[in-house]
Structure formats: structure tokens, C-alpha cells
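One structure is given below, encoded as C-alpha cells.
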Amino acid sequence: LSRASARTATPAPTTGPTPTPGGAAEMAMAKSVFVSSEPDPTHPGIHAVDGDPNSYWASIRDPYTAFDVRHLQWIYIDLGSDQKVKSMRMLWNDANRPRVYAVYVWIDAYRAWLRIADTRYGQADDKPTFPDAIRGRYFMLWLETPNVAGSNYELRSWEIMGEGSVPIQGANVAAGKPA
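Going by this note's numbering, the first residue of the sequence shown is number 35, and it counts up by one from there.
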């Protein structure tokens, strides 16, 4: 990125994943977060994982509104140790959500980010799931194109659910049907 980068980090809690209803464990709560930008101290990166529905991380506003529809920003999280991730949930402020973005995991053996999901149709409440658990410590949202040209991104919540927990996406549509 050619724009100035900011870094926000908070100490990881000493306890394990936070239990949620249904036996699920939300692994991102209050973990260390790193961001490409923070325009002001009222919307730091940690707000994406603080559990408060009224707070959010805000990126800088895209300064190139007319001719540049891409606005590259990123946020990544350190889960503290390798985890098996089955699903995620990103809650965005609707007017400031990404339309195009990707999810990456850091692969230490290759010293590189590996794309594990992407969309060109980002929603205010996105819930990617993975057929097989994705093992990793660092996960990144690579934000490419905002919903509205010239805007910024505003992430209210980034939940990361592990293997064996209740999927965020919802019901098993195959339950009770013949194999």
C-alpha cells in the first residue's frame, strides 16, 4: 500500500475463547488487531473485535472519488496461536461496507498469505463458511472496493468461529434427508 499505515494492537487476554450460546466459541474477541489505517482515535481497529455493537473500526476515506473505484485497505487479526477456523461473520455499517474483498490466512511455511474466500457482492452481514477447517493464527480481510465510491470501510464486528463450534451461518439444510 502506498498510503501511510497505522497499527493498533491490544494485549491478548489470558483466557481462552469466549463461549457463546449453543456451545460456540468466538475466537476473535479482544485479540490483537492490525489495520492499514485509522483516521481518528474514536474508531480504532480493536473496535472490530470488542463485542460492542455500537463501536466500529473505520478506515480512511478514499481520497480518489471520481476515477479510482478501488480503495485498498486491510485488517488482520492475531488469534494468539494456531486455531481451526470453520466460519466467520463480518458486520459492516451498510453504507460503508466493501463490495469486493477477500479473506486470507497466513501460511508460515510459505511465508505468504493464502486466499481462502472472496466475494464481489459484499453484504452488511457476511458469513463465509469453510467446508474444511482452516488452520491458522493470522487472518486478514483484504478490502478492495467500497460499496460507494469515495467512501471508507466501517467494520462493526468480526467474529471467527472454530471447529466443533456452532456454525454462524445457521441451520443444516441436509438434516433429515436421505444420503
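Built from N, CA and C at the ideal position, the CB exists for glycine as well.
Please read all numbers here as calculations on a predicted model, not as lab measurements.
query	result
The region 81-92 / the region 135-147 touching (three or more Cβ pairs under 8 angstroms)	no
Cβ-Cβ separation, residue 195 to residue 60 (assumed contact under 8 angstroms), whole Å	7 angstroms
Every unbroken beta strand (DSSP E) within the region 139-179, with a cutoff of 3 residues, ordered by chain	146-153
Limits of the beta strand (DSSP E) - the one that residue 110 falls within	107-126
Which listed residue (179, 65, 171) has its alpha carbon closest to that of residue 148	171
C-alpha distance - residue 67 paired with residue 184, whole-angstrom precision	25 angstroms
Option nearest residue 94 by Cα separation, candidates 74, 112, 113, 181	74
Residue from 159, 122, 128 whose Cα sits closest to the Cα of residue 167	122
Where the beta strand (DSSP E) containing residue 194 begins and where it ends	188-196
Assumed close pair residue 188, residue 90 - CB separation to whole angstroms, cut-off 8 angstroms	5 angstroms
One or two residues paired with residue 72 in a DSSP bridge	Bridge partners of residue 72: none, in fact.
CB of residue 156 within 7 angstroms of CB of residue 132, strictly	yes
Alpha carbon of residue 50 to alpha carbon of residue 98, nearest angstrom	Only weak support exists for where residue 50 lies, its pLDDT of 43 falling under 50; the value from the coordinates is given anyway. Computed Cα separation, rounded: 42 angstroms.
Cβ pair residue 70, residue 108 closer than 7 angstroms	yes
Spatial distance of residue 65 from residue 164 (CA atoms)	21 angstroms
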